[in-house]
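Below you'll find the structure, written out as structure tokens, and then a few comments.
2 protein chains.
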Amino acid sequence: MGKDIFVPMNILPSTLYSAIAHETRLRCLMLLLEHDELCVCELTHAIGAAQPTISRHLAHLREAELVSDRREGLWIYYRINPELPVWVTNVLQETANGVRGVAPFTEDLAMLKQMPNRPGAPRCA
Amino acid sequence: MGKDIFVPMNILPSTLYSAIAHETRLRCLMLLLEHDELCVCELTHAIGAAQPTISRHLAHLREAELVSDRREGLWIYYRINPELPVWVTNVLQETANGVRGVAPFTEDLAMLKQMPNRPGAPRCA
DNA sequence: AACGAATATATCTTTTCCCATATATTACGT
DNA sequence: ACGTAATATATGGGAAAAGATATATTCGTT
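First to last, the protein sequences are chains A and B.
Heads up, the first sequence is in our numbering, so the first residue is 1 and it goes up one at a time.
Heads up, the second sequence is in our numbering, so the first residue is 126 and it goes up one at a time.
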């Protein structure tokens, strides 16, 4: 008993789309698509918004089950929920294609790259 | 002069996603993905909402440039904007995959199929 | 020109969302 | 135990979105 059956997760289209309808939240997700894991201060620096703003939008994404989080010391790392249905992953990937080279998404990546004192620090540069 | 240069159309992610964040509007688009062209009364019947409701949501989609419309007599036919950027089309298609067999989208298709007196009437049954 | 059918818009109310700011929580170092 | 850094939550106000209903527009028919 207690067989660990695999229950595929379910996401309502309206949940996904109202989440990524907000540019700040989409910017977070686009950053997380390129960098598996990012902590709040990295996202805050890259996007250039106030910390509570980023934190609240991350909470929104977390409640929508689009991202998962993990604490490591003082830092909390977010990543795209690895159990997302395929169609959701595809939508995010297609969006990344759509915004490639477009502001403010490109700038976010640049800001992150030039951020000093990054906590997790990219292991393999 | 007046060279007819091809100017690719541009759609902001937030425009697309706030449009399809609303279930009624997504239902319209999903119906239009399967049936190239539908008039307002068909969409109204399939979805089962009040006519002004459908009309207003279609206006929203039109202003977002996600659909185009064409008048033929009393009827106004809507279709998915044929000039959408590829990534947008792909997002819609992926969404269709995601909602295949899911309520209320499946039911909408069934309701449309059993609608009497459809104006355009499917030419080739 | 009058009527009816299909669709669109306007108005009002209610709700939801967002920003800014302040404050709370959690964990590490001393 | 205290201080501080990283993050989270709470609050209050303002703007945008949505539903319901009424009314307007547009076109075909007689």
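Ideal Cβ positions, reconstructed from N, Cα and C, are used throughout, including at glycine.
- Counting along the chain, LEU112 (chain A) sits inside the alpha helix (DSSP H) bounded by residues 105 to 113.
- Here ILE80 (chain A) carries a strand assignment [DSSP, helix/strand/coil].
- In the DSSP assignment, GLU219 (chain B) falls within the alpha helix (DSSP H) that extends over 211 to 224.
- Sorting A:VAL40, A:SER68, A:LEU58 and A:PRO82 by C-alpha distance to the C-alpha of GLU23 (chain A) places A:LEU58 at the top.
- The continuous stretches of alpha helix (DSSP H) do not include LEU163 (chain B), which lies in the beta strand (DSSP E) extending over residues 162 to 164.
- Under the Cβ criterion of 8 Å, ALA103 (chain A) is not counted among the residues facing chain B.
- A direct Cα-Cα distance of roughly 6 Å separates MET155 (chain B) from ALA221 (chain B).
- Between ILE205 (chain B) and LEU158 (chain B), the gap from beta carbon to beta carbon is short of 8 Å.
- Among the residues of chain B, those whose CB is under 8 Å from the CB of ILE20 (chain A) are PRO138 and TYR142, following chain order.
- ARG152 (chain B) is classed as buried because its beta carbon has at least 16 other beta carbons within 10 Å across all chains shown.
- DSSP places ARG195 (chain B) in the uninterrupted beta strand (DSSP E) bounded by 192 to 197.
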